[in-house]
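Residue 107 in UniProt numbering is what sits at position 107 of the sequence shown, and the numbering runs on without skipping anything.
Heads up, the beta-carbon is just placed ideally off N, CA and C, and yes, glycines get one too.
One structure below.
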Amino acid sequence: MDIFHGAAQVICSSILSKHVEPHEVGKISSVKGFLESIAPFLATPLYNFVYMHTIDYLPSAFYIVSVIFGLPIFVIFGIIRLAERNTAAYEDPSPKDKTKQWQAAGTI
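Structure, rendered in C-alpha cells:
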C-alpha cells in the first residue's frame with residue numbers, strides 16, 4: 001500500500017532544501033528528522049483508536065485518516081509549485097543560465 005513512502009520523504013527533502021536559504025538547510029533537516037521520528041509514536045495510537053472504533057461498520061476508516069493527513073501535503077506542494085512557476089516567469093535568468101540557453105541555441 002505504501003510503496004512510495006520512502007520516495008515521498010526524499011522528494012520532500014529535495015523541495016525543502018531548494019526553498020530555504022543555504023544556511024537554513026540544516027535547521028529544516030533537523031526539524032524534518034525530528035517530526036519523522038515522532039510520527040510513529042503519534043500515528044500508531046491514532047490509527048489503532050480509529051480502527052477499534054470503526055471496525056464494526058467501516059473497517060477501512062483508517063485509510064480516510066491517511067487521506068485527511070496526506071491531502072494538505074499535496075495541496076501545499078501544489079501551491080509551492082505554482083508559486084515557483086510564477087516566480088520563474090518573472091525572474092531574469094542568471095548569466096550561467098543565459099550561457100546554457102545560448103549553447104542550446106547553437107550561438108556559442
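Asked: State the Cα-Cα distance for the pair Leu82 and Ser17, rounded to the nearest angstrom.; Found: 17 Å
Asked: Have a look at Ser14 and Pro72 and give me their C-alpha separation to the nearest angstrom.; Found: 18 Å
Asked: Just verifying my parser: in three-state terms, what is the DSSP assignment at Pro59?; Found: coil
Asked: Just the Cα atoms here: how many angstroms apart are Val31 and Cys12?; Found: 13 Å
Asked: Say whether the segment 23 to 40 touches the segment 56 to 70, bearing in mind that this needs 3 or more beta-carbon pairs closer than 8 Å, one atom from each stretch.; Found: no
Asked: Where does Val65 fall in DSSP's three states?; Found: helix
Asked: Under 7 Å: does the beta carbon of Arg85 sit that close to some heavy atom of the ligand SAM?; Found: Although the ligand SAM was asked about, the structure shown includes no ligands whatsoever.
Asked: Between Val10, Pro59, Glu84 and Gly78, which has its C-alpha nearest Ser29's C-alpha?; Found: Val10
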